């Protein structure tokens with residue numbers, strides 16, 4: 001399995017309540033096309049099926065960890081794939097709880113850290129691969 005590169009450590013929040021520190025992991029050598037000077041504040045959850053309906057075709061032909069391609073233009077929008085990983089031992093249990101909850105309910109968490117960046121937090125790589 002490919003080893004990703006931690007490009008930034010940020011805070012994961014749920015409705016402004018800090019959950020834990022997370023690392024943004026990239027599997028590509030490509031430059032991320034925006035600055036990451038924000039935290040991820042989860043404000044909404046949508047079902048995975050609802051998200052799939054919004055996407056008309058596959059975004060990535062292969063998972064970015066296999067293809068090393070982490071950004072594409074899809075339907076006129078730039079999409080960048082980054083994984084989240086708990087940063088440090090103290091974050092691991094809280095991180096696991098958030099993702100276990102999302103996975104169990106088949107939810108995708110959403111965050112909008114800036115006006116031009118929308119983040120979808122998908123809890124498993126198998127769900128990601130379906131997109």
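In the UniProt record's numbering, the protein residues as written are 1 to 131. No residue lacks a Cβ here, since even glycine has one placed at the ideal position from N, Cα and C. Fair warning: this is a prediction, and the values are worked out from it, not measured in the lab.
Review point. With DSSP run on the structure shown, which of helix, strand or coil describes residue 40?
Key: strand
Review point. For the beta strand (DSSP E) that residue 26 lies in, which residues bound it at each end?
Key: 17 to 26
Practice item. Using only alpha-carbon positions, find the residue among 118, 106, 120 and 113 that is nearest to residue 49. Key: Ranked by Cα distance from residue 49, the options 118, 106, 120 and 113 are led by 106.
Practice item. Measure the Cβ-Cβ separation of residue 14 and residue 111 and say whether it is below 7 angstroms. Key: no
Review point. Going by DSSP, what residues sit across from residue 110 in a beta bridge?
Key: 44 and 120
Check your understanding: At what residue ranges does the stretch 55 to 86 contain a whole run of the alpha helix (DSSP H), taking only runs of 4 or more?
Key -> Runs of the alpha helix (DSSP H) inside the stretch 55 to 86: 64 to 67.
Point to revise | Boundaries of the beta strand (DSSP E) in which residue 32 is found, first to last residue | key: Taken as a continuous stretch (DSSP letters only), residue 32 belongs to no beta strand (DSSP E), as it is neither H nor E.
Exercise for review: Measure the alpha-carbon distance for residue 74 versus residue 59 and round it to whole angstroms.
Suggested key: 6 angstroms
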